[in-house]
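Per my numbering, numbering of the sequence shown is gapless, rising by one per residue and ending at 120. Have a look at the structure below, then the notes.
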Amino acid sequence: IGKLQQTLAGCIELSGKTLQSGKVSKVKIWPGFAGQGRYFEFHSNLIPASIDFVRESLLCTSLCKDGYKIRTVEHLLSALEAKGIDNCRIQIQNLDSEDTEVEVHISCGIDFPKGNRKTV
């Protein structure tokens with residue numbers, strides 16, 4: 001028997017400043033159905049998290065479809081892969097409804113508490 005697909009138990013909301021533009025990015029990650037895969041939703045446009053939609057970008061990975069572009073997706077997608085999340089809808093919200101390009105904030109839910117790491 002192969003490994004079963006996984007999704008989230010509920011919605012996760014994240015927000016923070018983006019690395020390159022410094023704008024605030026808001027992300028909601030919703031559970032997905034089996035076989036849907038990971039995909040981004042930006043202004044009602046769906047962009048699959050697939051190599052087929054990767055476009056050349058400086059210092060980041062960008063996904064593009066139908067004139068819409070989502071930048072710095074690699075950190076969030078790596079976190080989802082590490083946690084075994086196969087299916088989810090990643091809804092990107094920004095304040096400017098005219099934007100056709102948006103950047104995902106780099107921390108994507110990683111907290112940086114004060115304190116040094118312990119050496120083992």
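Built from N, CA and C at the ideal position, the CB exists for glycine as well.
Residue 25 counts as buried, since no fewer than 16 other beta carbons sit within 10 angstroms of its beta carbon.
Exclusion of the five residues before and after residue 77 leaves 49 as the residues of its chain whose Cβ lies within less than 6 Å of its Cβ. Straight through space, the alpha carbons of residue 74 and residue 58 are spaced by roughly 13 Å. Short of 6 Å from the beta carbon of residue 15, and not among the five residues preceding or following it, lie these beta carbons of its own chain, in chain order: 26. It is roughly 14 Å from the alpha-carbon of residue 62 to the alpha-carbon of residue 18. Contact annotation: residue 37 and residue 7 have beta-carbon atoms that are not nearer than 7 Å. With fewer than 16 other beta carbons inside 10 angstroms of its own, residue 100 counts as exposed.
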